[in-house]
Each structure stands twice: as structure tokens, then as C-alpha cells.
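Worksheet: one structure, shown below.
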Amino acid sequence: MIVNVGIFGATGYTGVELVKLLGRHSHARIAFAHSESHAGARLSEVLACPFDIPLVSADDAPLHKADVVFSCLPHGASAALCKRALDAGRRVIDLSADFRLRDAATYAHWYGHPHPYPDLLPLAVYGLPEVHRREIAQAQLVANPGCYPTSIILGLLPLIEAGALADPLVIADSKSGVSGAGRKPSLTTHFVEVNESLAPYSIGRAHRHLPEIEQMLNALRPGVPPEPIRLIFSPHLLPISRGILSMIYLRINALREDVLTLFNRRYADEPFVRILPAGQIATIAHAAHTNYAVISVHPVAELPDRVQIVCCIDNLVKGASGQAIQNMNVMFGLDETEGLR
Ligand SMILES: NC(=O)c1ccc[n+]([C@@H]2O[C@H](COP(=O)([O-])OP(=O)(O)OC[C@H]3O[C@@H](n4cnc5c(N)ncnc54)[C@H](OP(=O)(O)O)[C@@H]3O)[C@@H](O)[C@H]2O)c1
């Protein structure tokens with residue numbers, strides 16, 4: 025079986041990562057690669073990569089040749105081209121934030137403009153295979169999760185599902201490599217600004233990924249708890265190209281099993297979640313250039329109701345293009361690990 029793939033935004037960091045990963049996939053073929061500002065050029069002429077693929081404008085993209093279209097565009101621009109692909113009967117995996125939030129008013133609040141297609145929001149499946157595998161298999165539109173949200177949700181999932189949170193206030197301290205900000209240059213991602221520093225930004229409850237994370241965590245909670253889970257989130261820009269480390273702090277109820285056993289049991293059948301043995305600490309190097317989320321679990325000495333979780337991913341792979349291919353594999357009934365190991 026061959027899945028024909030269209031890519032909107034092939035000239036960005038997630039787009040070129042997708043091209044690279046698809047090149048190793050035995051059941052995928054690129055039907056078109058899009059760029060608006062470099063239409064007519066070849067991918068290898070636009071950025072330093074070996075992929076000699078022609079780039080087409082959105083108006084010239086042969087949608088009829090694609091079984092699935094990935095959108096690697098900025099939020100705002102993405103929704104319109106996703107709609108165009110859906111109207112042409114294609115299945116769509118959107119790497120932007122345009123279809124991740126269930127509520128159009130929440131989207132408008134965080135993204136600064138009304139959602140252009142609120143009617144499509146109920147159609148979108150949040151593309152975290154560890155939670156929504158069955159729904160992804162049937163989906164016409166998959167909202168691929170954000171990079172920070174992937175690292176935080178996977179780091180909390182077993183405890184949330186087990187109803188183990190003693191305190192609905194969760195603290196997540198996250199560090200990301202600079203490719204997380206995309207290829208377009210800006211002063212804050214300029215080499216000299218980033219190099220040899222570590223910069224917190226959008227701390228507290230100011231980052232756009234906050235509502236996405238809280239939406240998922242609260243949906244995963246069993247029963248109807250009195251208070252919603254609330255997050256204090258501290259993202260940082262780390263002077264490396266790729267990778268995310270999230271350190272999560274929480275207070276838990278007494279459990280029938282230890283936290284490490286709970287994590288090992290919950291993720292036993294997950295091909296892309298690796299739980300480290302007791303005593304080891306996850307690092308970005310464990311996960312970089314792979315589709316794995318690598319997690320370590322740390323009870324806090326002398327404070328039996330406290331635990332720290334470390335979850336590391338590669339923002340461009342499990343945090344974006346790798347997870348998108350994992351979703352494609354699920355949607356088309358392929359081996360979920362195809363092209364990703
Ligand atoms: N970077 C990450 O780690 C990461 C992780 C998860 C999700 N995401 C999300 O994935 C999406 C892509 O991120 P990225 O980091 O790959 O971005 P990027 O490096 O800035 O690339 C953006 C791409 O979109 C195209 N583009 C920009 N503005 C456009 C417009 N108005 N209309 C049509 N095309 C436009 C650009 O193509 P041309 O300029 O060549 O036309 C380029 O191919 C974003 O929504 C981002 O939030 C990123």
C-alpha cells in the first residue's frame with residue numbers, strides 16, 4: 025500500500041523534518057510539497073538539505089493526487105488550506121494550533137482573531153495516539169498536538185487517569201531548543217541573544233499552549249472533580265537546536281502501587297514512550313532525533329505525597345512531524361512505527 029502525501033509549508037523546520045522522515049517510510053510517497061514564497065524553486069535551493077523536490081504554490085497544489093495532506097503552516101494561515109484540502113475530500117493532519125482547541129472563543133482569546141471555521145472544530149481529533157488511537161484511525165481531520173503539550177501531557181497521563189492528583193495545581197517547568205520557534209528569524213531567537221543564556225518567557229499562565237494542556241488534562245480526569253486542573257507553566261528558550269525537557273511537579277494521593285510501576289503499566293504497549301528505570305533521569309539527549317517520549321519518575325525524599333516527573337521529546341519529531349507520521353500510520357492502518365524507528 026502506498027499513501028500519497030501532500031505537504032503545505034515544506035520549507036519550514038517541521039516541513040523539512042517531515043520530508044526527511046517520509047523518505048524512510050516504505051509506504052509513503054510525496055505527491056506535492058508547497059511553499060508560497062519559493063514556489064517554482066526546489067526544496068534544496070531554499071534550505072540546506074539534500075531533498076531535490078519541486079515546490080508549488082497553494083493554487084497549483086495537486087490536491088487530487090494526495091490521500092493525506094499535512095499542514096506545516098503557521099496558525100491562522102493553516103486553517104484556510106486545511107479547509108481547502110478537506111473540501112477536496114482529502115484527510116488532513118494539521119501541525120498548527122488551528123484545530124487543537126475545542127472552543128472557538130478560547131481560540132479567539134489566545135490567538136487574537138476569531139476562528140475562521142468554528143464548524144470544523146468538532147470534526148478535529150486531538151492527535152495524541154497514546155490517548156486517541158481509535159478516534160485517529162477514523163478521523164478526517166487530526167489536530168497534531170503542540171510540542172510542549174506533548175511533553176507535559178505524556179508526563180502526567182498515568183497519574184491523571186488514575187485519579188491520583190491530590191492537588192489540581194500542577195507546575196511544569198519546560199526548556200525548548202530554538203527550532204521550536206520556527207525558521208522565521210526574530211530578535212529573541214537571534215544567535216547572540218540565545219547563545220550562552222537560558223531565557224524564561226511567557227511564564228505563569230501566559231503561553232498559548234496553556235489552554236491546550238489544561239483542556240486535555242481535564243478531559244482525561246475520571247469523574248467530575250470539584251476543581252479543574254490548573255497549570256503554572258514556565259517555558260524557557262535553551263541554546264540548542266532541538267529538544268524539549270519538561271520537569272513537572274505535583275502532589276499525589278497514596279497509590280496502591282508505586283508511581284514507577286503505574287507508568288510502566290500504563291505505557292507497556294506504547295511503541296514511542298520509554299520509561300527509564302529507577303535512579304535514571306531523562307535528558308534531551310535520550311530523545312533527540314527520535315520519535316520517543318522518554319520519561320523518568322522521581323518520588324521526593326521525605327515528602328511522600330510529592331513527585332517530580334521528567335519528560336523529554338524532540339520538538340520536531342514526537343513534538344511535531346514524527347507524531348504526525350505516527351498519526352498517518354494509524355489513519356491508514358499501517359504499522360504505527362513505520363518510518364519512525
Ligand atoms: N517548530 C516546532 O518545533 C513545532 C512543533 C510543533 C508544532 N509546530 C507548528 O507547526 C507549524 C509550522 O512550524 P515550523 O516551525 O515548521 O514553522 P516555520 O519554520 O516558520 O515554517 C513555516 C512554513 O509555513 C510557510 N508559510 C509561512 N507563512 C505562510 C502563509 N501566510 N501562507 C502560507 N504559507 C506560509 C512557510 O513557507 P514559505 O515562506 O516558503 O512560503 C514555511 O514553509 C506552526 O503552526 C507551528 O506552531 C512547530
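Residue numbers (the working numbering): 25 to 365.
A virtual CB, placed ideally from N, CA and C, is assigned to each residue, including glycine.
Being a predicted model, the structure only gives us computed values, none of them experimental.
Taking 7 Å as the cut-off, does the CB of Asn28 come closer than this to any heavy atom belonging to ligand 1? Translated into positions along the sequence shown, residue 28 becomes position 4. Incorrect: Asn28 has no Cβ contact closer than 7 Å to ligand 1.
How about Gly228: is its Cβ closer than 7 Å to a heavy atom in ligand 1? Position 204 of the sequence shown, counting from 1, holds the residue named residue 228. Residue side-chain check: Gly228 keeps its Cβ at 7 Å or more from all non-hydrogen atoms of ligand 1.
In this structure, how does DSSP classify Gly30 when only helix, strand and coil are distinguished? Working through the sequence shown from its first residue, we reach residue 30 at position 6. The answer is strand: DSSP assigns Gly30 an E or B state.
Secondary structure at Pro224, three-state DSSP: helix, strand or coil? Locating residue 224 in the sequence shown gives position 200, counting from the first residue. Reduced to three states, the DSSP call for Pro224 is strand.
Is Ala163 helix, strand or coil when you go by DSSP? As a working note, residue 163 is residue 139 in the sequence shown. Of the three classes helix, strand and coil, the one that applies to Ala163 here is coil, per DSSP.
Close beta carbons around His88, own chain, < 8 Å, minus the five adjacent residues each side: Taking the sequence shown and counting its residues from 1, the one referred to as residue 88 is at position 64. So the qualifying residues of the chain are Ala112.
To the nearest whole angstrom, what separates the beta carbons of Arg124 and Pro153, a pair I think is in contact under 8 Å? Translated into positions along the sequence shown, residue 124 becomes position 100. Translated into positions along the sequence shown, residue 153 becomes position 129. 15 Å between Cβ atoms; not a contact.
Check whether the Cβ atoms of Leu279 and Ala186 sit closer than 8 Å, and answer yes or no. What you label residue 279 is simply residue 255 of the sequence shown in a count that begins at 1. What you label residue 186 is simply residue 162 of the sequence shown in a count that begins at 1. Against a cut-off of 8 Å, the Cβ pair of Ala186 and Leu279 comes out as a contact.
Run of the beta strand (DSSP E) containing Lys199, from where it starts to where it stops: Translated into the one-based positions of the sequence shown, residue 199 becomes position 175. Start and end: Leu193 to Ser200.
Buried or exposed, going by whether 16 or more other CB atoms sit within 10 Å of the CB of Asn353? In the sequence shown, residue 353 corresponds to position 329, counting from 1. The residue in question, Asn353, is buried, as its Cβ has 16 or more Cβ neighbours within 10 Å.
Whether Asp91 touches Arg108 by CB criterion (8 Å): Here residue 91 corresponds to residue number 67 of the sequence shown, with the count starting at 1. Here residue 108 corresponds to residue number 84 of the sequence shown, with the count starting at 1. Result no, Cβ atoms of Asp91 and Arg108 do not sit closer than 8 Å.
What are the start and end residues of the alpha helix (DSSP H) that includes Phe215? Here residue 215 corresponds to residue number 191 of the sequence shown, with the count starting at 1. Counting along the chain, the alpha helix (DSSP H) containing Phe215 begins and ends at Phe215 to Val218.
Less than 8 Å between the C-beta atoms of Ala311 and Cys336, yes or no? Stepping through the sequence shown from its first residue, residue 311 is reached at position 287. Stepping through the sequence shown from its first residue, residue 336 is reached at position 312. The answer is yes: Cβ separation under 8 Å.
Can you find a CB in chain B that lies within less than 8 Å of the CB of Val341? Of the chains in the structure shown, none is chain B; there is only one protein chain.
Residue range of the unbroken alpha helix (DSSP H) whose run includes Met352: Working through the sequence shown from its first residue, we reach residue 352 at position 328. Segment Gly346 to Met355, the alpha helix (DSSP H) holding Met352.
Mind checking which residues open and close the alpha helix (DSSP H) that includes Asp83? In the sequence shown, counting from the first residue as 1, residue 83 sits at position 59. Element bounds for Asp83: n/a, residue is neither H nor E.
Given a threshold of 16 other Cβ atoms within 10 Å of its Cβ, counted over all protein chains shown, does Arg66 qualify as buried or as exposed? As a working note, residue 66 is residue 42 in the sequence shown. Exposed, since its Cβ has fewer than 16 Cβ neighbours within 10 Å.
In three-state DSSP terms, what is Cys96? For the purposes of this step, residue 96 is taken as the residue at position 72 of the sequence shown. Correct three-state label for Cys96: coil.
Under the criterion of a Cβ to heavy atom distance below 7 Å, does Ala101 qualify as lining ligand 1? Sequence index remark: in the sequence shown, residue 101 carries index 77 (1-based). True, at least one ligand heavy atom lies under 7 Å from that Cβ.
Assign Tyr225 to one of two classes, buried (16 or more other C-beta atoms within 10 Å of its C-beta) or exposed (fewer than that). To locate residue 225, count along the sequence shown from 1; it is residue 201. Exposed, by the Cβ-count rule.
Three-state secondary structure (DSSP) at Asp122? As a working note, residue 122 is residue 98 in the sequence shown. DSSP places Asp122 outside both helix and strand once states are collapsed to three, so it counts as coil.
On the DSSP letters alone, give me the boundaries of the beta strand (DSSP E) that Pro323 sits inside. Translated into positions along the sequence shown, residue 323 becomes position 299. First-last of the beta strand (DSSP E) with Pro323: Ala317 to Val324.
For my contact list, Arg207 and Gly36 are in at a C-beta cut-off of 8 Å; report their separation, rounded to the angstrom. Taking the first residue of the sequence shown as position 1, residue 207 is located at position 183. Taking the first residue of the sequence shown as position 1, residue 36 is located at position 12. Yes, they are in contact, since the Cβ atoms of Arg207 and Gly36 sit about 5 Å apart, within 8 Å.
For His58, which three-state DSSP category applies? Along the sequence shown, read from residue 1 onward, the residue named residue 58 stands at position 34. His58 falls in the strand class under three-state DSSP.
Under DSSP, the beta strand (DSSP E) around Val297 begins and ends at which residues? As a first step, residue 297 is located in the sequence shown; it is residue number 273 there, counting from the start. Element bounds for Val297: Val297 to Ile299.
Exposed or buried, Ile31, counting other C-beta atoms within 10 Å across all chains shown (16 or more means buried)? Against the sequence shown, residue 31 aligns to sequence position 7. Buried, since its Cβ has 16 or more Cβ neighbours within 10 Å.
In whole angstroms, what separates the C-alpha of Ser265 from that of Val155? Counting from 1 along the sequence shown, the entry for residue 265 is found at position 241. Counting from 1 along the sequence shown, the entry for residue 155 is found at position 131. Going by the C-alpha atoms only, they are around 29 Å apart.
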